[in-house]
Amino acid sequence: MSHRVLVCDDALFMRTLVGDILQQAGFDVCGQAETGAQAVAQYKALKPDLVTMDIVMPDMGGIDAVKQITLWDPNAKVVMCSAMGQQALVNEALQAGASDFVVKPFQPNRVIEAVQRVLG
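Here the sequence shown stands for residues 2 to 121, where the numbers follow our numbering.
Written as structure tokens, this is what we have:
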């Protein structure tokens with residue numbers, strides 16, 4: 002059985018790109034979210050094995066969404082995917098509970114490597 006992944010990004014083309022990369026690598030993209038609040042709700046409803054999360058999203062940012070998800074499930078696995086590669090945001094995301102961080106634009110193999118590493 003393949004690992005189930007929830008893809009969260011406010012940009013449809015990024016959700017599609019990340020979803021396609023993961024599906025081609027054999028992962029099951031079980032859901033998508035375009036806001037932080039949707040990401041939290043989808044996580045609770047779908048209970049995926051892993052979440053890919055953008056930082057900048059409407060209504061609730063990715064870092065706040067990670068905090069809520071890991072509060073609800075301390076074992077949640079989250080890989081941040083964001084164009085914002087500043088070290089402060091990387092550190093904040095990791096402190097919030099993210100397991101890894103991929104900076105956009107990224108190579109498909111970097112996303113797959115991060116997801117596989119986090120899933121063990």
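Glycine residues also receive a C-beta, built at the ideal position from the N, C-alpha and C atoms.
Every value quoted in this text rests on a predicted model; they were computed, and no experiment measured them.
### Query
Thinking just about the alpha-carbon of each residue, which of Gln88, His4, Asp50, Ala89 is nearest to the one in Ile70?
As a working note, residue 70 is residue 69 in the sequence shown. Of the listed residues, the one whose Cα sits closest to Ile70 is Asp50.
### Task
Can you check DSSP and say which residues form a bridge with Met81?
Within the sequence shown, numbered from 1, the residue matching residue 81 stands at position 80. Per DSSP, Met54, Phe102.
#### Entry: Pair within 8 Å by beta-carbon distance, Val104 and Leu23
Here residue 104 corresponds to residue number 103 of the sequence shown, with the count starting at 1. Here residue 23 corresponds to residue number 22 of the sequence shown, with the count starting at 1. The answer is no: Cβ separation not under 8 Å.
### Query
Grouping DSSP H, G and I as helix and E and B as strand, with all else coil, what is Asp74?
Here residue 74 refers to the residue found at position 73 of the sequence shown. Coil at Asp74, not helix or strand.
### Task
Please name the residue in Arg5, Leu90, Gly98 whose C-alpha comes closest to that of Leu47.
The sequence position of residue 47 within the sequence shown is 46, counting from 1. For the residues Arg5, Leu90, Gly98, the minimum Cα distance to Leu47 belongs to Arg5.
### Message
Helix, strand or coil for Ala89? Go by DSSP, reduced to three states.
### Response
Here residue 89 corresponds to residue number 88 of the sequence shown, with the count starting at 1. DSSP, reduced to helix, strand and coil, places Ala89 within a helical segment of the structure shown.
### Simplified DSSP state of Gln108, which is helix, strand or coil
For the purposes of this step, residue 108 is identified with residue 107 of the sequence shown, where counting begins at 1. DSSP places Gln108 in coil when its eight states are reduced to three.
### Query
What is the C-beta distance between Ala77 and Gly98, in whole angstroms, given that I count them as a contact (C-beta under 8 Å)?
Along the sequence shown, one-based indexing puts residue 77 at 76. Along the sequence shown, one-based indexing puts residue 98 at 97. That belief holds up - the Cβ atoms of Ala77 and Gly98 are roughly 7 Å apart, short of 8 Å.
### Query
Once you ignore the five residues that flank Thr53 on each side, which residues in its own chain have a CB closer than 6 Å to its CB?
Here residue 53 is taken as the residue at index 52 of the sequence shown, counted from 1. Beyond the five residues adjoining it in sequence on each side, Thr53 comes within less than 6 Å, by CB distance, of Val8, Val19, Val80, Cys82 in the same chain, given in chain order.
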